[in-house]
Structures are given as C-alpha cells and as structure tokens.
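If you read the protein sequences in the order shown, they are chains Y and E.
Numbering follows UniProt numbering, in which position 127 of the first sequence is assigned residue number 127; successive positions increment by one, without gaps.
Numbering follows UniProt numbering, in which position 262 of the second sequence is assigned residue number 262; successive positions increment by one, without gaps.
All C-beta atoms in this analysis are idealised placements derived from N, C-alpha and C, irrespective of residue type, glycine included.
A quick write-up on the structure given underneath.
2 protein chains.
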Amino acid sequence: MSTSKAQVQSEIQEKTEHLKKLKASPETTKEEIDEVTARLAELRAQAGGKSSGKLILKTAKGTKDYGPQQMALREKVLSIIMDCFKQHGAETIDTPVFELKDFDIAGQYEEMLPDVECVKLIDEILTALKLGDFVIKVNHRLILDGIFAVCGVPAEKFRTICSSVDKLDKASWEDVKAEMVNEKGLANETADRIGEYVKQSGGEALLKTLLSDMILMGNPWAKKGLELMRLFFSYCELFDITPHVSFDLSLARGLDYYTGIIFEAILLGYSSQPIVNGSGEEAGGVGSVAGGGRYDNLVGMFDAKGKSVPCVGVSFGVERIFSIMEGKLTSENCSIRTTETQVYVASAQKGLLQERMKLTSFLWKNGIKTEQPYRSNPKLLAQLQYCEDRKIPLAIVLGQSEMEQGVVKLRDVQSREEEDVPRDHLLGAIRSRLHIPSS
Amino acid sequence: MSTSKAQVQSEIQEKTEHLKKLKASPETTKEEIDEVTARLAELRAQAGGKSSGKLILKTAKGTKDYGPQQMALREKVLSIIMDCFKQHGAETIDTPVFELKDFDIAGQYEEMLPDVECVKLIDEILTALKLGDFVIKVNHRLILDGIFAVCGVPAEKFRTICSSVDKLDKASWEDVKAEMVNEKGLANETADRIGEYVKQSGGEALLKTLLSDMILMGNPWAKKGLELMRLFFSYCELFDITPHVSFDLSLARGLDYYTGIIFEAILLGYSSQPIVNGSGEEAGGVGSVAGGGRYDNLVGMFDAKGKSVPCVGVSFGVERIFSIMEGKLTSENCSIRTTETQVYVASAQKGLLQERMKLTSFLWKNGIKTEQPYRSNPKLLAQLQYCEDRKIPLAIVLGQSEMEQGVVKLRDVQSREEEDVPRDHLLGAIRSRLHIPSS
Chain Y
1 MSTSKAQVQS EIQEKTEHLK KLKASPETTK EEIDEVTARL AELRAQAGGK
51 SSGKLILKTA KGTKDYGPQQ MALREKVLSI IMDCFKQHGA ETIDTPVFEL
101 KDFDIAGQYE EMLPDVECVK LIDEILTALK LGDFVIKVNH RLILDGIFAV
151 CGVPAEKFRT ICSSVDKLDK ASWEDVKAEM VNEKGLANET ADRIGEYVKQ
201 SGGEALLKTL LSDMILMGNP WAKKGLELMR LFFSYCELFD ITPHVSFDLS
251 LARGLDYYTG IIFEAILLGY SSQPIVNGSG EEAGGVGSVA GGGRYDNLVG
301 MFDAKGKSVP CVGVSFGVER IFSIMEGKLT SENCSIRTTE TQVYVASAQK
351 GLLQERMKLT SFLWKNGIKT EQPYRSNPKL LAQLQYCEDR KIPLAIVLGQ
401 SEMEQGVVKL RDVQSREEED VPRDHLLGAI RSRLHIPSS
Chain E
1 MSTSKAQVQS EIQEKTEHLK KLKASPETTK EEIDEVTARL AELRAQAGGK
51 SSGKLILKTA KGTKDYGPQQ MALREKVLSI IMDCFKQHGA ETIDTPVFEL
101 KDFDIAGQYE EMLPDVECVK LIDEILTALK LGDFVIKVNH RLILDGIFAV
151 CGVPAEKFRT ICSSVDKLDK ASWEDVKAEM VNEKGLANET ADRIGEYVKQ
201 SGGEALLKTL LSDMILMGNP WAKKGLELMR LFFSYCELFD ITPHVSFDLS
251 LARGLDYYTG IIFEAILLGY SSQPIVNGSG EEAGGVGSVA GGGRYDNLVG
301 MFDAKGKSVP CVGVSFGVER IFSIMEGKLT SENCSIRTTE TQVYVASAQK
351 GLLQERMKLT SFLWKNGIKT EQPYRSNPKL LAQLQYCEDR KIPLAIVLGQ
401 SEMEQGVVKL RDVQSREEED VPRDHLLGAI RSRLHIPSS
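Pasting the structure below:
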C-alpha cells in the first residue's frame with residue numbers, strides 16, 4: 001500500500017470514529033453528519049473501495065476524481081450544453097469531456113448568419129443554465145483596425161495595440177494608456193483618440209453614432225465592420241437576443257487569429273477579477289463564461305479543394321461554469337440529486353418481498369426509474385427516510401389490507417400526502433404526477 | 001508538418017480528385033460517392049481541419065479519433081446503457097468513457113436480491129440495444145467447489161481446476177480433461193466425474209436434478225450453492241427473465257475473486273471464437289458482451305467500520321458492443337444519423353431569409369431541434385436534398401403565396417408528402433408528427 005493510500009486509510013479510521021461520536025451526541029446537526037459521511041464516501045472511493053449503494057465506477061484515466069454530487073452536477077451542465085448544441089444541428093466528432101468545447105460553423109455562407117447563431121447559442125445555454133443575468137459583449141476586428149488607423153496607429157502596431165485594449169476588462173484606461181505610450185511608443189494624442197473610442201459601449205444607439213462618424217466611416221475597414229454589425233444587430237432582433245447583446249468597443253479578445261466578429265459572455269454579479277485556472281494560466285474574469293469569434297484564415301482549416309474555410313466558433317468555460325454552479329448550490333444550502341429514481345416501492349409490513357419485486361419489475365418494464373429495499377422485511381420508517389434523504393419524489397407503500405382491496409398507497413415524499421390508488425390505475429397516476437406522457 | 005500529416009494531406013488530394021471523377025461519371029452510385037466523402041471527412045478531421053458544418057470538436061485526450069457516424073453510434077449505445085443504469089437508481093462517481101463499466105451493488109443485503117438485479121439489468125440492456133437473441137449463463141462458485149470436492153479434487157487444486165473448466169467455452173472437453181490430468185495431476189476418473197457435471201446446462205429442470213443428487217447435496221458447499229440458486233431462479237420468475245437465463249455448470253469465470261454467483265451474457269448467432277482486444281489481450285468469444293458476479297472478500301471493499309463489504313457487480317464489453325453494432329449497420333447498409341435535427345426551415349423562393357430566421361427562432365424557443373440554410377437565397381431542391389441526406393424528418397417550406405394565406409407547407413421528408421398547415425397550428429402539428437408531448 002502506498003503512503004497516500006495509507007493516509008487515506010488512516011483518515012477513514014479517524015472520520016469513522018468522528019461519525020460515531022457525532023451520531024451519539026444529541027447536539028449534532030444533520031449537516032454535520034452529512035459532511036462527514038460525504039467525506040467518508042470520497043475517501044472510500046479514493047481508497048479503491050466504495051460506499052454501499054449502486055455505483056458506476058470510474059473508468060476514465062486522466063480525469064479528476066469527483067464525488068457523486070459533483071458528477072451529477074457535471075452531467076447536468078454538460079447535458080444542458082449538449083442539448084442546446086443539438087438543438088442547432090451540431091454533430092459530435094469526439095468525446096467532449098470536462099474541458100472547453102468548440103461549437104463551430106465552418107463554410108462559405110451568408111455574412112453574419114453563422115455568427116449570429118453562435119451568439120444565439122450562448123444566449124440559449126446561459127438562459128438554460130439559470131446562472132443569473134448576463135451580457136454578451138460583441139465587437140468586430142475590422143472596426144478595431146479602422147479605429148487604430150484613423151487614430152494614427154502605424155499598421156505594424158495594430159496587433160500589439162489590440163492586445164493592450166484587450167486588458168481593459170481588468171485594468172484601468174490610465175494603465176492601458178501608459179502601456180501604449182511608454183512601452184509601445186504611441187504618441188500621447190493617438191492613445192487619447194483611441195481612448196475616446198474604446199470607452200464606448202451600448203446597443204444599437206452606439207452603432208448609429210458610429211455609422212454617422214464621418215472620420216471613422218472614411219476608413220474602408222471600419223465602414224465594412226460597422227455595416228456588418230448593422231446586419232448582425234438586425235439578425236439579433238430576429239433571433240430575439242438584442243436585450244442581452246452589448247456593442248463594446250473595448251472588447252478585443254487577445255488571440256491574433258480572429259478576423260471578424262468577436263464576442264464574450266459575462267455573468268453579471270460576479271467579480272471580473274482575473275482568476276487562474278488549474279494549469280496555472282490566467283483564465284479571465286470569473287464572470288466570463290463563454291467567448292469566441294470568426295477566424296477565416298486559420299491554418300489547418302481547408303475544404304476539399306485545399307482552400308481555407310471560413311469559420312466562426314464559440315467555447316464555453318465549462319470548469320468555470322461548474323465552479324459557479326457548485327458555489328451557488330453551496331450558498332443556497334442545496335444538494336443536488338445523485339440518482340434519478342422516480343419511485344420507491346416500500347412495504348408496510350412483513351412478507352411482501354415477492355409483491356414488491358413484481359411491482360418493481362412492472363415499473364421498470366414501463367420505463368419508470370424504480371428502487372426497492374434489498375431486504376425482505378425492512379422497517380417502514382427507514383424506507384420513508386431513505387426516500388426523503390434521496391429526494392425520490394414518489395413512494396408506493398404496499399400493505400396487506402390495501403392489496404386485498406385492489407389498491408396501493410401512493411405517497412408524495414415531499415408533502416407526505418398519501419392516496420389510495422386502484423392497482424389498475426397506478427401507472428397512469430405515477431406518470432401524471434411525474435409529468436411523463438404515456439407512451 | 002509531421003510525416004503522417006503530410007500523408008493525410010496527400011490522401012486528401014487524391015480522394016478529392018477521385019471524388020471529382022466519380023461525380024463526373026454517370027455510372028457512379030450514391031454509395032461510391034458516400035464512401036469517398038466519408039473518408040474525406042475523416043481525413044480532414046485527422047488533419048486538424050474540419051468538414052463544413054456544425055461540429056463539436058474533440059477535447060478528450062487519450063481516446064481514439066472517431067468520425068461523426070461512430071460518435072453518434074457510441075453516444076446512442078452509452079445513452080441506452082446509462083438510462084438502464086439510472087432506471088435502477090445508480091449514481092455515477094466518475095466519467096464513464098469508452099471502456100468497460102462496473103455497475104455494482106455493495107452492502108449487506110438479502111441473499112440473491114442484488115444478484116438478480118444485476119442479471120435483470122443485463123437483460124434490460126441487451127433487450128434495449130436490440131443486438132438479437134441472447135442467453136445469460138449463470139453458475140455459483142460454491143456449487144463448483146462442491147462438485148470438485150465430491151469428485152475427489154484436493155482443496156488446494158480447486159482454483160486451478162476452476163480455471164481449466166473456464167476454458168470450456170473455447171476448448172473441447174477432451175482438451176480440458178487432458179490439461180487436468182496431464183498438467184494438473186488429477187486422476188483420470190476424477191476428471192471424468194467432473195466432466196459428467198460440467199457438461200450439463202439447462203434451466204430450472206437441471207436445478208431440480210442437482211437438488212435431488214444425494215452425493216452432491218451431501219456436500220455443504222454444493223447444498224448451500226444449490227439452495228441459493230433455487231432462490232435466484234424464483235426471483236428470476238418474479239423479474240420475468242427466466243427465458244433468458246441458463247444454468248450452466250461449465251461457467252467458471254477465471255477471476256479468482258468471485259465468491260458467489262457468476263454470470264455471463266452471450267449473444268447467439270455470433271462466433272464464440274476468442275478475439276483479441278485493442279490491448280492485445282484475449283477478450284473472450286465475440287458473443288460474450290457482459291459478465292460479472294459476487295465478490296464478497298475483495299481487498300479494498302470495506303464499510304465505515306472497516307469490515308469488508310459484500311459486493312455484486314456487472315461489466316459490459318462496451319467496445320465489443322460498438323463493434324457488433326457497427327458491423328450490423330454496415331451489413332444492413334444502414335447509416336445512422338449524426339445530428340438530431342427534427343425540422344428544417346426551407347424557402348421556396350427568394351427574399352424569405354427574415355421569415356425563416358423568425359420561424360427558426362420560434363421553433364428553438366419551443367425546444368424543436370431546427371436548422372435552416374445559411375444562405376439568403378438557397379435553391380429549393382438543394383434544401384430538400386439536404387434533408388433527405390441528413391434524414392431530417394420534417395421540412396417546412398416557406399412560400400409567399402402560402403404566407404399570404406396564413407399557412408406554411410409541412411413536408412414529410414421520407415414520404416415527400418406535403419400539407420398546408422395554418423401558422424397558428426404549426427407547433428402542434430410538428431409535435432404530433434414527432435410524437436413530442438406539448439409542454
């Protein structure tokens with residue numbers, strides 16, 4: 001046994017003793033017990049053992065170890081994201097695991113049409129994840145280039161000045177200006193002129209202001225970029241996402257390869273302080289959860305004729321979304337279900353194992369996720385407690401007298417209300433309470 | 001660019017030329033074009049480029065590269081398996097990727113109750129996967145030990161003789177007997193007596209025969225094992241799986257750690273010849289797709305008090321199931337859908353982009369997986385061909401005259417039947433044709 005395994009074993013011993021003491025004390029809260037129990041389950045999983053219950057054990061290599069709660073949360077987040085992807089006709093070409101993903105639309109298409117679909121997708125996913133209010137900042141690289149040109153930046157400095165502008169989400173204008181002037185050699189007035197532009201953000205009103213800016217419109221890049229953004233905003237209107245979209249001239253997105261629209265989704269109410277990700281890289285403000293843009297000339301994208309393929313794509317900060325959702329659940333003192341069991345088949349007295357098994361089998365056959373105790377004569381209270389702990393919505397309580405009348409007791413676990421349901425109507429009653437359509 | 005990348009590029013050039021020629025020839029079949037197109041898509045994915053369309057790009061490391069068809073198949077298989085697991089209240093404690101899985105029930109429970117649930121789960125999954133007819137062989141380690149004892153095998157040779165018996169699915173009795181006698185030093189008549197037992201298989205009838213075998217029942221291990229199997233078969237009846245279960249005394253499952261029931265599912269109609277898996281290990285007959293058993297004393301399984309936890313588990317040969325399903329699809333000349341798009345919003349004439357976008361957005365909002373062309377004025381035939389190629393079930397064809405009458409054309413892509421549907425009833429009509437309940 002390796003040292004770390006020995007440490008795990010020793011912590012298991014310690015926590016087991018601790019749990020015993022907690023359970024013996026009348027002052028112990030359920031949360032304290034839950035906490036130690038959860039830690040024990042974790043330790044046992046680490047030790048290669050397992051807690052009692054039905055588990056699908058890990059098989060993937062190279063991924064972090066997660067507990068059942070975290071796994072359930074991750075599955076939920078990924079399934080929401082995948083459902084939205086599929087809603088837009090996406091196909092998967094390899095296993096998406098717990099890293100960033102690329103939803104990409106590649107091909108020579110109508111201008112701004114794939115681009116607005118990427119932004120629509122961000123809007124749908126953030127809405128579905130219920131992470132709170134958000135804004136999707138958009139800008140266009142051609143507009144930034146045009147601004148730099150009319151402000152007097154030499155062409156060879158466009159990229160480096162762009163990366164200075166990119167820092168505006170974390171640094172003040174004064175700091176960014178100092179970098180432009182002192183480190184990158186811009187004239188003071190050139191930097192000031194850039195500042196007048198990049199401080200602006202807003203919706204279509206800003207677009208109108210810029211479209212009537214004769215100096216900017218005199219530059220062919222800016223003109224083209226602004227006209228594309230006008231088209232983009234008209235599409236936002238059709239896709240019903242205008243309220244979430246903010247035209248933000250300070251959005252630059254550092255990566256050199258963007259050539260067209262760029263966008264970034266920010267959760268409001270979260271700090272925009274930079275955070276460092278697991279690989280030690282700075283990963284942007286915690287509020288930033290998705291981003292992307294158009295990259296038409298990227299090496300390696302080519303069609304059957306060897307031509308480069310225009311492409312627009314979006315990535316989601318999946319690990320960050322997990323962290324935010326975990327934090328939210330903790331602060332709201334919620335736990336999330338680790339199983340999807342819909343019905344628990346309990347018995348009120350002894351000798352009903354066979355009846356329970358027949359009923360359980362019948363429910364499985366009809367697609368109802370069902371559990372029943374693995375003991376022949378379990379105590380009723382323990383069974384009901386199990387349902388409440390596991391947040392199973394419905395319990396069937398089998399009893400001899402009800403069975404003789406051809407009915408079973410159907411219990412709503414949360415409200416604890418019980419109703420006698422004729423055996424022939426049981427499936428319908430369960431489906432109706434679970435909002436499952438009859439198949 | 002590495003050599004292998006250069007090779008990929010060169011094959012892309014070659015296949016592209018080939019495709020051109022195929023398309024130019026009147027004798028080319030759709031299958032020939034499909035084949036080359038699929039290979040091109042694969043090559044492009046390999047080259048780090050991508051084909052046109054919406055893709056979720058790979059992020060996982062250490063997994064094979066799969067094409068969209070294979071990914072869709074893998075997703076389908078895994079989702080069927082996971083759904084069945086969840087139907088039984090399982091929780092996931094780490095990412096299940098494309099390897100074997102362990103569904104396990106750990107804990108001190110009623111005898112044979114978790115065991116029969118594992119066999120029921122195999123039955124459900126193989127039925128849901130529609131892989132054809134199958135049999136689930138079962139046996140019990142105590143019965144094997146009892147047989148060895150009454151046949152005169154010394155106790156220290158039980159395990160090694162057990163592993164000889166395990167070879168009976170691939171080798172003849174004569175070869176196995178020779179190994180027992182010549183290599184493992186059993187007396188000829190001892191081996192013959194074992195042979196009389198392990199050649200037997202059947203259902204409850206065999207169980208009855210053995211229960212009335214006074215010699216065997218005189219051994220306490222065999223007696224206990226046979227009584228447990230009687231209980232097991234009575235549970236099989238309650239779970240409605242008896243027709244698929246075969247009591248097979250030659251089933252031994254080589255692994256030493258099994259202590260109770262053992263089981264293995266075999267697809268009928270597949271060769272039982274051994275196959276070698278990707279790691280070069282022999283992976284059993286191709287027909288064997290799931291197996292497991294009870295392992296009560298395995299090191300590392302312990303409860304909060306440090307006692308060992310009884311455990312029964314089942315593993316699925318997921319890669320083998322993929323291969324079998326791929327082979328089946330190929331031999332039936334079927335392709336599987338790589339996207340889940342339900343509706344395609346097409347236009348019959350020019351100038352309808354805005355209407356298409358509004359309708360697409362409306363369908364997304366209502367949870368309908370929808371695509372529309374990324375061109376403002378696409379050709380109608382090309383749009384309908386796209387739907388047929390991608391097996392999208394429904395197309396909406398927008399036309400000016402229909403719009404003036406407040407209707408849209410709803411087309412069943414496969415039958416090519418069209419119907420004018422009032423715009424207000426469109427969502428209901430789509431849901432009804434797709435069998436989606438209204439939410």
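Ranked by Cα distance from E/L228, the first of E/G291, E/I194 and E/L113 is E/L113. Here E/A149 has N219 as same chain residues with Cβ atoms under 6 Å from its own Cβ, once five neighbours each way along the sequence are excluded.
Interface flag for Y/T242 against chain E is unset, since no Cβ pair is found closer than 8 Å. The segment 128-139 of chain Y makes no contact with the segment 175-188 of chain Y: fewer than 3 CB pairs, one atom from each, lie closer than 8 Å. Between the beta-carbon of Y/L353 and that of Y/I396 there is about 14 Å, and that puts the pair past the 8 Å contact cut.
Taking a cut-off of 8 Å on C-beta distances, the segment 146-164 of chain Y does not touch the segment 260-270 of chain Y, as fewer than three cross pairs fall below it.
Under the three-state reduction of DSSP, Y/D175 is assigned to helix. Contact between Y/Q342 and Y/P393 holds: CB atoms are separated by about 6 Å, below the 8 Å threshold. E/S246 carries a strand assignment under DSSP once its states are collapsed to helix, strand and coil.
Beta-bridge annotation (DSSP): Y/N139 is paired with Y/I262. Straight-line measurement puts the Cα of Y/F232 at about 12 Å from the Cα of Y/F263.
By the C-beta criterion, the segment 234-251 of chain E is judged to be in contact with the segment 191-203 of chain E, since at least 3 inter-stretch pairs fall below 8 Å. Here the segment 100-110 of chain E makes contact with the segment 366-374 of chain Y; the two share three or more CB pairs at distances below 8 Å. For E/Y344, the uninterrupted beta strand (DSSP E) run begins and ends at V343 to S347, by DSSP. Against chain Y, a Cβ distance below 9 Å from E/Q385 picks out nothing, because the smallest value is about 16 Å.
Relative to Y/D83, the option among Y/H140, Y/I125 and Y/T209 whose CA is nearest is Y/I125.
Annotated as proximal: Y/D296 and Y/G260, with beta-carbon spacing under 8 Å. For Y/L268, there is no enclosing alpha helix (DSSP H), as DSSP gives it neither H nor E.
Y/A222: not part of any beta strand (DSSP E); member of the alpha helix (DSSP H) spanning P220 to F239, first to last residue.
With contacts defined by Cβ atoms closer than 8 Å, Y/L216 and Y/I147 form a contacting pair. Leaving aside the five residues that flank Y/V407 on each side, the residues in its chain whose CB is nearer than 7 Å to its CB run, in chain order, D420, V421, P422 and R423. Annotated three-state conformation of Y/S376 is coil, per DSSP.
Here Y/S288 carries a strand assignment [DSSP, helix/strand/coil].
Annotation: Y/N333 to Y/T127 spans about 22 Å, alpha carbon to alpha carbon.
The C-beta distance from E/I80 to E/V314 rounds to 15 Å, too long to meet the 8 Å contact threshold. Under a criterion of Cβ atoms nearer than 9 Å, the residues of chain E adjacent to Y/S361 are, in order, K120, L238, F239, D240 and I241. Excluding sequence positions up to five before and after Y/Y344, its CB lies within less than 6 Å of the CB of E371, C387, I392 and A395, all in the same chain and listed in chain order. The Cβ atoms of E/R337 and E/A72 lie closer than 8 Å to each other. Under DSSP, Y/K157 takes part in no beta bridge, so it has no partner. E/E189 sits in a helix when the DSSP states are folded into three classes. Cα atoms of E/E404 and E/Q349: separation of roughly 14 Å, rounded to the nearest angstrom.
With a beta-carbon spacing of about 6 Å, E/I241 and E/V119 fall inside the 8 Å limit used to define contacts. For Y/C151, the closest alpha carbon among the candidates Y/A191, Y/S164, Y/V165 and Y/E179 is that of Y/A191. Per DSSP, E/V116 lies in no beta strand (DSSP E); the unbroken alpha helix (DSSP H) holding it starts and ends at L113 to L129. Chain order gives no chain E residues near Y/K177, where near means a beta carbon separation below 8 Å; the closest approach is about 38 Å.
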